[in-house]
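Worksheet for the structure shown next.
2 protein chains.
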Amino acid sequence: MSKLTDLPKRILIGRALRSDRLGETLLPKRIALPVFASDPLSSVAYAPGEVLLVLSIAGVSAYQYSPWIAAAVVVLMFTVVASYRQNVHAYPSGGGDYEVANTNLGPRAGLTVASALLVDYVLTVAVSISSGVENLGSAVHFVIEHKVLSAVAIILLLTLMNLRGVRESGKLFAIPTYIFVFGVFTMIAWGAFKGLVLDETMRAPTAEFDIEPEQQGLAGLAMVFLLLRAFSSGCAALTGVEAISNGVPAFRKPKSRNAATTLLLMGLLAVTMFCGIIGLAMASNVRMAENPAHDLILDGRPVGPDYVQDPVISQVAAAVFGEQTFFFVLLAAATALVLFLAANTAYNGFPLLGSILAQDRYLPRQLHTRGDRLAFSNGIVLLAGAAMLLVWVYDADSTKLIQLYIVGVFVSFTLSQTGMVRHWNRHLKTERDRAARRRMIRSRAINAFGAFFTGLVLVVVLVTKFTHGAWVALLGMVIFYVTMSAIRRHYDRVSEEIAAPDEPSDDSVRPSRVHSIVLVSKVHRPTLRALAYAKLMRSDKLEALSIDVDPVETTALKEEWDRRGINIPLKILHSPYREITRPIVEYVKSLRRESPRDAVSVIIPEYVVGHWWEHVLHNQSALRLKGRLLFTPGVMVTSVPYQLQSSELAKKRAKKRQEWNAPGSVRRGPVNEQAKEPSGRT
Amino acid sequence: MSKLTDLPKRILIGRALRSDRLGETLLPKRIALPVFASDPLSSVAYAPGEVLLVLSIAGVSAYQYSPWIAAAVVVLMFTVVASYRQNVHAYPSGGGDYEVANTNLGPRAGLTVASALLVDYVLTVAVSISSGVENLGSAVHFVIEHKVLSAVAIILLLTLMNLRGVRESGKLFAIPTYIFVFGVFTMIAWGAFKGLVLDETMRAPTAEFDIEPEQQGLAGLAMVFLLLRAFSSGCAALTGVEAISNGVPAFRKPKSRNAATTLLLMGLLAVTMFCGIIGLAMASNVRMAENPAHDLILDGRPVGPDYVQDPVISQVAAAVFGEQTFFFVLLAAATALVLFLAANTAYNGFPLLGSILAQDRYLPRQLHTRGDRLAFSNGIVLLAGAAMLLVWVYDADSTKLIQLYIVGVFVSFTLSQTGMVRHWNRHLKTERDRAARRRMIRSRAINAFGAFFTGLVLVVVLVTKFTHGAWVALLGMVIFYVTMSAIRRHYDRVSEEIAAPDEPSDDSVRPSRVHSIVLVSKVHRPTLRALAYAKLMRSDKLEALSIDVDPVETTALKEEWDRRGINIPLKILHSPYREITRPIVEYVKSLRRESPRDAVSVIIPEYVVGHWWEHVLHNQSALRLKGRLLFTPGVMVTSVPYQLQSSELAKKRAKKRQEWNAPGSVRRGPVNEQAKEPSGRT
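Residue numbers (UniProt numbering), protein chains in the order written: chain A, 1 to 682; chain D, 1 to 682.
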């Protein structure tokens, strides 16, 4: 069946590109930064806006708290960066959150982190694409008018690119990411210059608006709750920080040091951009509301449902550069592009994590080996499908989607950091060198603070966002968790069932002789080849077997057999109902009954064809027969292929498919590199 | 993939019934009649109405021609019956129209007939179901209000029944058919008694209506054309007459005589019912119009689009028995049921013809062998899909569908009868016995007249109906013809490619030795079994091969190998990119390069599992590897299955599936019966 779907798939997805072996190209820091940081850097495109949006519930006056919230996010960011710098040094083999939690806290914690990360990848796609569409929409109005359609189209495009296995290159990530960073910094600098030196007033497009508070006169606990909610939303800026800790093997040497430096650099860039945008937003009087249609007031009237609330970064750009100026459009485009790249990282991370989970038998084994295009493709299609569903359900509204987003991130942060504390505890038990012990104790303190702080944020996120959508993310995690546990249980059960007994003689009755049967329908080249091969195998008994479904054909076969003097006895089984499978299976069973110690070898000549429709026309009975024989104990089934000319086609296709480039290769680094380094795995 | 679709299919279709072998139950005439005649007998439910409908175009006055048209149909019916009685005697092996045309007129004629019959089967379903719904609708109004939906629902029901492989029984056909025949005869007798003896006036529900002629004052050629068109529509009564000639082997002995008698009986019943209904319709002043909304006039005004024109048989029943009386409802129900049975005959005939065509390699070979549920299922789904499409496009309107119907029937009638003339000519060349010659000459005369008359009708049908829809049927025939020719050409090309050379030594280099490779990932029972079997085969060289995708696992494997003292050398291939397929294929190719005269035998341990989802979790790499190895010349691939406990489940399922009962078994008769009889095939 998979053959049947092959053609339309190939038409859509095209031929896989031939990739050069990329194992030798390790990443310098200047390339590693954009490869790993497009996700956290791009989140400054929406995180500041979300903070303002939540604060607006209490009215414009609440905007005064935004610097405090920004400060809290900065502290959190540095805590997380400092924590992960410890991970990177402790696990140079690329121990991501899953491995750290799994190794130090046990399989349940590991699986919880894995579930959280899987949900996160889906949300990374949904949020980044939605936000990208919103940013693009501030420059190109068509996009915002067909928001869901545009988002779905871009997800489809990314999916096709990844299914096709486009060769990843550092440059692909570097150029837009650096343009984006450069653009944001230029904007901040120019804005600061205008505001502080030239003392010009910058006015955002929404500066004239007033905000109708959804909840009047919030105070006390309610206000604290709102501030915490705003902080939770701001934490969206931290998503994707952990990516580098997975990708250490892809760095140039000294790997851990370079990775740690890149991590720090990323943190610095992110917080500067985050704070700069918040600052400019305050200076230019950006007004954002959770429910703009009702809450934004212009000239005493709500702006109504047709109003489109542009992202904060685009409003700030309008205030600094002017609307629809060159820099404005460039920044909008770069922002959208970086957000789409951020979504693409999920396409890389999903199969990468899948591969690790497959090694631990939480997912089908074939995900572990590379080049298994089918398995990767299924993963990518699953990811894209889930993301499209979310985009569709939530109208491609990044604000709504962000409610779901941060739970998973902080589940894995918290468990990973807790795991690191255990890691240091364990090492401290054996370490005697004082300098090393000091370093470890310091690392442990950092990780412990990280675990505490991220754990606190997790609680805050859960409390403030549960009813706003976080429950959906939790539900997704539970589904992943249950499914993966079930797969693991299945593999464990099978592995127990097939475990080799300790004494080699234990395994019931060993076969002593083998009786080979070559299935024959006509005397043609495939049959002759199968007969020749069967003779080579020197089994104890060899016979040819034909099913009589048509007396005329059977007579012709017998005559041909004699005429050619084939020195293998030909047995004819009568089949009054023109069945093929049943008589053969019954004959094989009767052989087994007669001499249970013998094995039966069934040799089937097969045509190898090239087109999918040829499969429909050939080998169907052979396939079904093989399927049935596999259930018969004591039987082995041998296919002797005969390659028809048309099979050349399929051979080439299969080769091409094998040269396909699995997504995530750049960040995964070569396997032998991983193997050479001391591994933190147990 | 087919496994994945298995579950929903099974939920829908349920488990196949266990069928007793039915080969021994041959049909007595009283059962054979309803089995084979439900199609032609049921067509009297719509054919008389179609005649009146066409005549109404020239106004009510044209109804006076209906007895003449009925007479022409009767003559035609007896001609066709007489002709097929010759077929039945000449081809006791069940030579249907396809075989007769193929044998005597060559493959092109045969294929034309086959295409015509295939189109016909689709139309039998569409027309019979639509007409059945109309008849049922005369008693149950809900059905007529949701006509297309009801028709599609009934087609789906029949499809499910046939996919499930319900055991056919003669009784299933006998009871409704006899009730229907009895009901129609009672109606005719009672109507005649009322009209002729009691001299009561019977008034159909439409007797008060007037008809606005669509074409005023038709005369001369135009009138002749209209009459011919009415006659063409009346010919719908002849559809299905040829069914008996396919089914001779299913009759009790003397087969041919019994079949000929049944054929005659069927003809007599059909014409009596046809004429009786036309007569009663005239007596009760039934009024039918092609376009009732505009052309039927009541009190000087058209009846409008809400008017539902009931079938003629139901209007006559209303006139004779009274509307909604017991007999009226009984007859409506029996008519609908017989029409549904008639549709069911297409479900039987389609795969039966497919099986014969497959033997001649016009369709995939697997259709030829029985018990190939998948192949039958595909045929049934194709049939049902095409019929549903027609029902949907033509609003389940039997009048519109009949325009398409009769072309195919008369194509096959004409070619079959022409073929019979050739048949007799050929036999007359060698036959010397005078009595036999006399019989043959008489048969030839009958067949020649039959060919002439049906050919004439074919021309009439084509001329009068081409633009009314016959072109659709012709297009369908062309599509079938082209597809089947292409399949045949493919098989011929392959058969030429694989034809065994005459000198056995011709076939390039014969392999001289065999090098066996057992693929190993871990030491467990499946591996141990594969190794044991591989040893039995005594190949010239035997080694175990493992791919190093994980250094830790590979080391463990080597240790285990040594610990157990397995006396087969273990070769490790390194795979830096964690690929499995490529290193193995390249290794096999390198072996072939080193010694091109050797064959390579790759032995793969395989798990056999029970659930579809287990397939996703296991054997994927083995499957893909097998797929790739089949393209490598000089390789044979052996699966050594290890049956997991869960495989018991799948084994049972496979068994059940095998015991499935192919539709059309009753009418096909047992194979050995066919083989024993002298065959008319060349």
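No residue lacks a Cβ here, since even glycine has one placed at the ideal position from N, Cα and C.
Bear in mind the structure is a predicted one, so any value in this text is a computation, not a measurement.
What's the C-alpha gap between residue i and residue j?
i	j	result
V459 of chain D	M187 of chain D	35 Å
I154 of chain D	M477 of chain D	25 Å
A544 of chain D	V552 of chain D	19 Å
V411 of chain A	L227 of chain A	21 Å
Q366 of chain D	R493 of chain A	38 Å
V391 of chain A	G379 of chain A	18 Å
E208 of chain D	N291 of chain D	17 Å
T464 of chain D	Q64 of chain D	20 Å
V81 of chain A	A116 of chain A	19 Å
Y178 of chain D	L339 of chain D	13 Å
N348 of chain D	S646 of chain D	36 Å
R229 of chain A	Q403 of chain A	10 Å
P583 of chain D	R624 of chain D	13 Å
Which residues in chain A have a C-beta closer than 8 Å to the C-beta of residue i? List them in chain order.
i	result
residue 688 of chain D	What is shown of chain D runs 1 to 682, which leaves residue 688 of chain D out entirely.
I487 of chain D	L617
P490 of chain D	For the record, residue 490 of chain D in the displayed sequence is His; it is not Pro. E614, L617, listed in chain order.
Along chain D, in chain order, which residues have C-beta atoms closer than 8 Å to that of residue i?
i	result
F631 of chain A	V608, P641, Q643, S647, A650, K651, A654
P596 of chain A	Neighbours of P596 of chain A on chain D: none; closest Cβ ~15 Å, over 8 Å.
By the criterion of Cβ-Cβ separation under 7 Å, what are the contact partners of residue i in chain D?
i	result
M636 of chain A	Y533, T638, S639, V640
S539 of chain A	M537
Hey, quick one: how far does the beta strand (DSSP E) through residue i stretch, first residue to last?
i	result
D598 of chain D	598 to 608
A544 of chain D	541 to 548
L573 of chain D	570 to 574
H524 of chain A	No beta strand (DSSP E) holds H524 of chain A; DSSP gives it neither H nor E.
T262 of chain A	First-last for T262 of chain A: 255 to 283, but that is the alpha helix (DSSP H), not the beta strand (DSSP E).
Could you give the residue range of the alpha helix (DSSP H) that holds residue i?
i	result
V119 of chain A	107 to 139
T79 of chain A	66 to 90
V320 of chain D	312 to 321
Y347 of chain D	326 to 359
V308 of chain A	Looking at the DSSP string, V308 of chain A is not in any alpha helix (DSSP H), and its letter there is neither H nor E.
Quick one: list the residues of chain A neighbouring residue i, beta-carbon separation under 9 Å, in chain order.
i	result
R525 of chain D	E497, I498, A499, A500, P501, D507
V140 of chain D	None at all; the shortest Cβ gap to chain A is about 41 Å.
If I'm right that residue i touches residue j with Cβ under 8 Å, what's the distance once you round it to whole angstroms?
i	j	result
S575 of chain A	V549 of chain A	5 Å
G634 of chain A	P501 of chain A	Rounded, the Cβ-Cβ distance is 18 Å, inconsistent with contact.
D598 of chain A	R538 of chain A	Not confirmed; about 15 Å, so no contact.
E323 of chain A	P205 of chain A	7 Å
Y84 of chain A	E242 of chain A	6 Å
Any Cβ of chain B within less than 8 Å of the Cβ of residue i?
i	result
L545 of chain A	Structure shown: chain B not included; protein chains present are A and D.
Residue i touches chain A at which residues, Cβ-Cβ below 7 Å?
i	result
V514 of chain D	L536, M537
P511 of chain D	A532, Y533, L536
A599 of chain D	Y533, L536
Name the chain D residues whose beta carbon is nearer than 9 Å to that of residue i?
i	result
V494 of chain A	Y607, V609, E614, L617, H618, L644, S646
Note to self: I want to know whether the region 312 to 325 of chain A touches the region 122 to 140 of chain A - three or more CB-CB distances under 8 Å.
What the structure shows: Taking a cut-off of 8 Å on C-beta distances, the region 312 to 325 of chain A touches the region 122 to 140 of chain A, as three or more cross pairs fall below it.
Checklist line | Inter-stretch contact (C-beta, 8 Å, three-pair minimum) for the region 94 to 103 of chain D and the region 289 to 302 of chain D | finding: Contact between the region 94 to 103 of chain D and the region 289 to 302 of chain D is absent, with fewer than three C-beta pairs closer than 8 Å.
Check: Can at least three beta-carbon pairs, one atom from the region 233 to 241 of chain A and one from the region 73 to 80 of chain A, be found at a separation below 8 Å?
Finding: The region 233 to 241 of chain A, when compared against the region 73 to 80 of chain A, does touch it at the 8 Å Cβ threshold.
Notebook entry, point to check: If you pair each beta-carbon of the region 99 to 106 of chain A with each one of the region 304 to 312 of chain A, do three or more pairs fall below 8 Å?
Noted result: Because the criterion of three Cβ pairs below 8 Å is not met, the region 99 to 106 of chain A and the region 304 to 312 of chain A do not touch.
Note to self: I want to know whether the region 445 to 455 of chain A touches the region 115 to 130 of chain A - three or more CB-CB distances under 8 Å.
What the structure shows: The region 445 to 455 of chain A is not in contact with the region 115 to 130 of chain A.
Note to self: Counting beta carbon pairs with one atom in the region 586 to 597 of chain D and one in the region 522 to 530 of chain A, are three or more of them shorter than 8 Å?
What the structure shows: By the Cβ criterion, the region 522 to 530 of chain A is not in contact with the region 586 to 597 of chain D, since fewer than three pairs of Cβ atoms, one from each stretch, lie closer than 8 Å.
Item checked: At least 3 beta-carbon pairs within less than 8 Å: the region 83 to 91 of chain D vs the region 351 to 365 of chain D -> Three or more Cβ pairs closer than 8 Å define a contact, and the region 83 to 91 of chain D falls short of that threshold against the region 351 to 365 of chain D.
Check: Does the region 438 to 446 of chain D come close enough to the region 141 to 149 of chain D to have 3 or more Cβ pairs within less than 8 Å?
Finding: Not touching, per the Cβ criterion.
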